[in-house]
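Q: This structure is in structure tokens; I'll ask about it shortly.
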Amino acid sequence: MILDGKAVSATVKDALRERMPELEAKYGRRPCLCVIIVGQNPASQVYVRNKVRAAQYVGMESRLIELPEQTGEAELLALIAELNADESVDGLLVQLPLPRHIDEEKVIEAITVEKDVDGFHILNVGSLQVGRPCSVPCTPKGILRLIDSTGVPIEGKTAVVVGRSNIVGKPVAKLLLDRNATVIMAHSRTRDLKSFTLQADILVVAVGKENVVTGDMVKPGAIVIDVGVNRRADGSLAGDVDFESAAQVAGWITPVPGGVGPMTIAMLMENTVDCFLAARLSA
Ligand code: NDP
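Those letters in the sequence shown? Residues 1453 to 1735, per the working numbering, in order.
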């Protein structure tokens, strides 16, 4: 069966949209997401447009700040400091990647943890590891939500996560562990990847290379989550998993596009509302 990220994300966004009037009545205004983009990276331009469009759909306030490629690091950090202090902004994100002359780590750490809707700040990363309340990164959070939408319990399952990045692989493995899956992490130095993927009741693939996983590597009935987004020479998008062959074997599988991508954006909306509420509850 196809795990339809568009449909599940629409449910999440519609639920948020319904809550907006109530939030506005209670707190005097709606949550506000601020997105900063530096430069003209075409993929980033599409991502930020989708984020702002989603915010508009759910009825939040949104601000898009577009800065030129040559923006200096100090200038960007000063803008972040200003937005950190701006009480009308609840969620703040800087679209990555940044131009090479700007230190991404510095920028991520500059965003106040209370407004870090991406969940990339070191304090949010640490809180996730030790099980404290935090902004959970959007893609891993969306992946768990997609798995939950199957109704299959995660507890006791063997989950294999291919890829160990800080933004996808590691946090998704931690979230699966928190849900009592037995988690195996694979990466570029893993020997005999297939011997591991064949054990996976839940297989999450976040590598960024087409056909890293093919149907013969999938356990019959498995839930297969394909995070990869690879642009082919003809301009079309493909995941990391060979959809045709894997779909013959899997119980559930996400398409690319239309799987994890829309969930990431829906979780960003949720995280923004959560930051808005947390600020009001702690006030
Ligand atoms: P990274 O490049 O940061 O990490 C890739 C990981 O894959 C690394 O851990 C690497 O191992 C591992 N890897 C590389 N080659 C192999 C291989 N042959 N076999 C097994 N593992 C391998 O990527 P990200 O995690 O940032 O992103 C992964 C993919 O997901 C990309 O296509 C990205 O575009 C997509 N993505 C999609 C999102 C969405 O919303 N749909 C959001 C975020 C990412 P090692 O650590 O050893 O180098």
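Note that CB positions come from ideal geometry on N, CA and C, so glycine has one too.
Among 1719, 1557, 1599, which one has its Cα closest to the Cα of residue 1676?
A: Here residue 1676 refers to the residue found at position 224 when the sequence shown is read from its first residue. Measuring from the Cα of residue 1676, the nearest candidate turns out to be 1599.
Q: If we ignore side chains and look at the alpha-carbon of each, how far apart do residue 1662 and residue 1732 end up?
A: Here residue 1662 is taken as the residue at index 210 of the sequence shown, counted from 1. Here residue 1732 is taken as the residue at index 280 of the sequence shown, counted from 1. Straight-line Cα distance between these residues: approximately 44 Å.
Q: Just to confirm my understanding: we take residue 1488, look at its own chain, exclude 5 residues before and 5 after, and list those with CB closer than 6 Å. What are they?
A: For the purposes of this step, residue 1488 is taken as residue 36 along the sequence shown, with counting starting at 1. So the qualifying residues of the chain are 1517, 1546.
Q: Below 8 Å on the Cβ atoms is my contact criterion, and I expect residue 1633 with residue 1606 to pass it. Report the Cβ-Cβ distance as a whole number of Å.
A: Numbered from 1 along the sequence shown, position 181 holds the residue referred to as residue 1633. Numbered from 1 along the sequence shown, position 154 holds the residue referred to as residue 1606. About 5 Å separates the two Cβ atoms, so the contact holds.
Q: Classify residue 1576 as buried or exposed, calling it buried when 16 or more other Cβ atoms lie within 10 Å of its own Cβ.
A: Counted from its first residue, the sequence shown places residue 1576 at position 124. Buried.
Q: Along the chain, where does the alpha helix (DSSP H) containing residue 1713 start, and where does it finish?
A: If you number the sequence shown from 1, residue 1713 lands on position 261. It spans 1712-1734 - the alpha helix (DSSP H) in which residue 1713 sits, taken as one unbroken run.
Q: Compare the beta carbon distance of residue 1691 and residue 1680 with 7 Å and say whether it is the shorter of the two.
A: In the sequence shown, residue 1691 corresponds to position 239, counting from 1. In the sequence shown, residue 1680 corresponds to position 228, counting from 1. Contact: yes.
Q: Measure the alpha-carbon distance for residue 1706 versus residue 1454 and round it to whole angstroms.
A: For the purposes of this step, residue 1706 is identified with residue 254 of the sequence shown, where counting begins at 1. For the purposes of this step, residue 1454 is identified with residue 2 of the sequence shown, where counting begins at 1. Taking the straight line from one Cα to the other gives about 6 Å.
Q: Would residue 1406 be called buried (16 or more neighbouring beta carbons within 10 Å of its own) or exposed?
A: The chain is shown from 1453 up to 1735; residue 1406 falls before or after that span and cannot be answered.
Q: Which residues, in chain order, sit with a beta-carbon under 7 Å away from any heavy atom of the ligand NDP?
A: After applying the 7 Å Cβ criterion, the set is 1591, 1614, 1615, 1616, 1617, 1619, 1620, 1621, 1638, 1639, 1640, 1641, 1642, 1645, 1658, 1659, 1660, 1661, 1664, 1679, 1680, 1681, 1682, 1692, 1712, 1713, 1716.
Q: Span of the alpha helix (DSSP H) holding residue 1467?
A: On the sequence shown, residue 1467 is found 15 positions in, with the first residue counted as 1. It spans 1457-1479 - the alpha helix (DSSP H) in which residue 1467 sits, taken as one unbroken run.
Q: So the alpha helix (DSSP H) residue 1611 belongs to, where does it begin and stop?
A: Translated into positions along the sequence shown, residue 1611 becomes position 159. Residue 1611 -> not in any alpha helix (DSSP H); beta strand (DSSP E) instead, spanning 1610-1614.
Q: Could you tell me how far apart the beta carbons of residue 1483 and residue 1513 are, in whole angstroms, since I believe they sit closer than 8 Å?
A: As a first step, residue 1483 must be located in the sequence shown, where it is residue number 31. As a first step, residue 1513 must be located in the sequence shown, where it is residue number 61. The pair is a contact, with the Cβ atoms about 7 Å apart (cut-off 8 Å).
Q: Just verifying my parser: in three-state terms, what is the DSSP assignment at residue 1556?
A: Along the sequence shown, one-based indexing puts residue 1556 at 104. Of the three classes helix, strand and coil, the one that applies to residue 1556 here is helix, per DSSP.
Q: In the structure shown, what three-state DSSP assignment does residue 1618 receive?
A: Position 166 of the sequence shown, counted from the start, is the residue given in the question as residue 1618. The answer is coil: DSSP assigns residue 1618 none of H, G, I, E or B.
Q: Do residue 1590 and residue 1535 have their CB atoms nearer than 7 Å?
A: The sequence position of residue 1590 within the sequence shown is 138, counting from 1. The sequence position of residue 1535 within the sequence shown is 83, counting from 1. It is not a contact, given that the beta carbons lie outside the stated cut-off.
Q: Would you decide whether residue 1656 is buried or exposed? Buried here means 16 or more other CB atoms lie within 10 Å of its CB.
A: Taking the sequence shown and counting its residues from 1, the one referred to as residue 1656 is at position 204. Classification of residue 1656: buried, given that the 10 Å Cβ count is 16 or more.
Q: Per DSSP, what kind of secondary structure is residue 1578 in: helix, strand or coil?
A: Residue mapping note: residue 1578 aligns to position 126 of the sequence shown, counting from 1. If DSSP states are grouped into helix, strand and coil, residue 1578 belongs with the helices.
Q: Could you pull the start and end residues of the beta strand (DSSP E) that residue 1594 belongs to?
A: The residue given as residue 1594 occupies position 142 in the sequence shown. Careful: residue 1594 lies outside any beta strand (DSSP E), inside the alpha helix (DSSP H) at 1590-1601.
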